[in-house]
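Peer 1:
Residue numbers (UniProt numbering): 1 to 347.
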């Protein structure tokens, strides 16, 4: 008996239906199942197929106007003409979904949307969002331009851009200042290419900053992190995942020169209490960054440094001994060293 045949045995409304089977491929039964659910008042629907084959969604799904949550994987999202959106949808999560309509108009027609996750989707080169109730955004993919308007409640933003050869017509620093309620920001280093020393306006609500794949020897990346810190007076926690730079970057020492110049500045954060440095190899540029933070953060309580498992115990010890000798602006600052296995166990 197939899943479709089992569903047919149910009498009465079906408010929630999740279907995710590894290796599940497109088949006619999926369309018949969606037609059946569209007549049952479905409110929470998830369909995740094999990433090797995309399934074109049938028109029935666009008539499911009671949807509150929609989760799709490896599908083609092509609404019929005249589609007015999902008016009461609050949670939308798409992974490897092909869009064939204007993304901005679709999101605008979901006025109650609170949570939006888009991972490796295609057809969204221009990320434009108008969503007055949006609180959480996770975007992982490629974009050329980005514009947000009317997002007064957007508090958590996760942006992970895949490296590509496309030109990007957006200033990330200017973009961030259009998010007045943002409290937590997670980005990877592909977003950190601006050379601004300070954002046009402060990020007064930003409390948590997480940066992935940062190369400490690249001046633009380090400068962008400092600009975010400088413009976030209420920052409480900073997490940076390091990325091993290639030999050319390590020999340039541009990041070190930048930090040397910054030491003479009045850079100070009076709220930052916790710093987490992941994948820390102990290169000279990484050590100079740690020295800079310890000298400038007068309210720091904890700094966690997690070494990669490939780093020998001897090098870990050598790095630890050097770090603990750095001067600290905060008398309460504690430095904790852990390797990757210890970190994962403690988490």
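Glycine included, C-beta positions come from ideal geometry on N, C-alpha and C.
Please report how far the alpha carbon of residue 124 lies from the alpha carbon of residue 142, in whole angstroms.
Peer 2: For residue 124 and residue 142, the distance between alpha carbons rounds to 8 angstroms.
Peer 1: Confirm, please, whether the CB-CB distance from residue 24 to residue 57 is below 8 angstroms.
Peer 2: Not closer than 8 angstroms, so no.
Peer 1: Could you check how far apart the C-beta atoms of residue 199 and residue 231 are, in whole angstroms? I think they sit under 8 angstroms.
Peer 2: Confirmed, Cβ separation roughly 4 angstroms.
Peer 1: Enumerate in chain order the residues of its own chain whose CB-to-CB distance from residue 93 is below 7 angstroms, with the five nearest sequence positions on each side excluded.
Peer 2: Contacts found: 71 and 117.
Peer 1: So, are the CB atoms of residue 158 and residue 186 less than 8 angstroms apart?
Peer 2: Yes, they are a contact pair.
Peer 1: Is residue 128 near residue 155, with beta carbons less than 8 angstroms apart?
Peer 2: Contact: no.
Peer 1: Residue 20: buried (16+ other C-beta within 10 angstroms of its C-beta) or exposed?
Peer 2: With fewer than 16 other Cβ atoms within 10 Å, it is exposed.
Peer 1: Report the three-state DSSP secondary structure of residue 94 (helix, strand or coil).
Peer 2: In this structure, residue 94 counts as strand in the three-state DSSP scheme.
Peer 1: Of the residues 30, 120 and 14, which one's Cα is nearest the Cα of residue 97?
Peer 2: Considering only alpha carbons, the answer is 120.
Peer 1: Based on the DSSP secondary-structure assignment, which residues constitute the bridge partners of residue 242?
Peer 2: DSSP output for residue 242 lists 214 as bridge partner(s).
Peer 1: Taking the beta strand (DSSP E) that residue 319 belongs to, which residues open and close that run?
Peer 2: Looking at the DSSP string, residue 319 is not in any beta strand (DSSP E); the run it does join, the alpha helix (DSSP H), is 313 to 323.
Peer 1: Does the beta-carbon distance from residue 87 to residue 65 come in below 8 angstroms?
Peer 2: Contact flag set, yes.
Peer 1: Excluding the 5 residues flanking residue 327 on each side, which residues of the same chain have their C-beta closer than 7 angstroms to its C-beta?
Peer 2: Correct list, in chain order: 294 and 295.
Peer 1: Grab me the residues of residue 80's own chain with a C-beta within less than 8 angstroms of its C-beta, minus the 5 sequence neighbours each way, in chain order.
Peer 2: Taken in chain order, the residues that qualify are 59 and 62.
Peer 1: Using DSSP bridges, identify the partner residues of residue 306.
Peer 2: Residue 306 pairs with 338.
Peer 1: Output needed for residue 18: all residues of its chain with C-beta closer than 7 angstroms, excluding positions within five of it in sequence on either side, in chain order.
Peer 2: Cβ neighbours of residue 18 beyond the five flanking positions: 46.
Peer 1: At the level of alpha carbons, what is the spacing between residue 160 and residue 320?
Peer 2: In a straight line, the C-alpha of residue 160 is about 31 angstroms away from that of residue 320.
Peer 1: Taking DSSP's pairing of strands, which residues face residue 65 in a bridge?
Peer 2: None, per the DSSP bridge assignment.
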